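To keep things clear, I will list the structure first and then write my remarks on it.
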Amino acid sequence: MTEPAAQPDGIDALTHVFDAVYRGESPFGKRPPWDIGGPQPAFVALEEAGLISGAVLDAGCGTGEDILHLASKGYTVTGLDLSSEAVAIARGKAEERGLDATFAVANALELVGYDGRFDTVVDCGLAHTFDAGRLRTYAAALHRVCRPGALVHVLEVSDRGAAQMQARLAEVIEGIPASEPPGPKRTADDLRRGFADGWTVESVTDTTMYGILPSASEPLELPAWLGRFRRN
């Protein structure tokens with residue numbers, strides 16, 4: 003009798019899930035709700051305000067829209083993601099647009115091989131997926147790969163935004179409950195506590211993050227947090 007194939011667990015299971023999402027093999031359809039087809043306006047505004055500098059890391063870059071926007075502005079950029087499918091799509095976009103950008107597969111809780119490399123980090127929707135312990139681990143990994151004085155900008159769906167997104171997804175995807183979004187729901191204080199060690203919390207402010215629903219043509223505005231943390 004043929005033994006059933008072993009099912010992935012832990013980080014392998016998470017990789018398996020996100021690879022399927024980026025292949026379009028999930029209830030989200032052809033693209034995930036965080037892939038809006040362009041940069042998040044909050045990051046565009048940060049660059050225009052002079053809050054991006056030097057070598058830039060996008061932690062959890064997905065298909066690369068945010069970091070490719072910064073590449074188009076002349077920054078030295080690196081995008082890292084757990085999903086090889088997402089990284090392949092991002093590389094293809096960079097080639098199509100003639101942009102110089104480095105993309106690689108990496109675990110954001112480890113970030114092995116990038117010590118002391120970055121002056122700025124952008125994070126769209128990664129930090130809010132971690133519980134309190136993993137958020138501190140993530141902040142420690144970023145501390146290691148950042149140079150002193152580096153800025154980390156995290157754009158995360160707020161606890162209120164997560165509930166709104168869950169309700170809207172339930173309207174268009176059968177089987178998704180309208181309440182109690184799965185996974186951690188981050189508050190502003192959660193972010194501050196996560197970056198308490200080795201960082202100066204410069205601000206955590208209300209903002210808007212954009213998402214896209216399956217079959218929708220226009221992005222959805224979601225309440226979000228924009229945190230800015232400076233490496234000590």
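Number 234 marks the last residue of the sequence shown (the working numbering); no jumps. By construction, the Cβ of each residue, glycine as well, lies at the ideal position given by its N, Cα and C atoms. It should be emphasised that the depicted structure is a prediction, and the values quoted were computed from it without experimental measurement.
Suppose the cutoff is 8 angstroms on Cβ atoms and the five residues either side in sequence are ignored; what does the same chain contact list for residue 178 look like?
29, 168, 171, 172
Since residue 203 sits in a beta bridge, which residues does DSSP pair it with?
231
In angstroms with no decimal places, state the Cα-to-Cα distance between residue 187 and residue 94.
33 angstroms
So, residue 44 versus residue 189, is the Cβ gap smaller than 8 angstroms?
no
Rounded to whole angstroms, what is the Cα-Cα separation between residue 200 and residue 128?
20 angstroms
Just list the alpha helix (DSSP H) runs in the stretch 124-172, keeping only unbroken ones of 4 residues or longer that don't cross its boundaries, in chain order.
134-147
So which of 121, 67, 98 has the shortest CA-CA distance to residue 83?
67
How would you call residue 87, buried or exposed, if buried means at least 16 neighbouring beta carbons within 10 angstroms?
buried
Please report the straight-line C-alpha distance between residue 223 and residue 164, rounded to a whole angstrom.
11 angstroms
Given residue 34 as reference, the closest of 175, 205, 120 once Cα atoms are compared:
175
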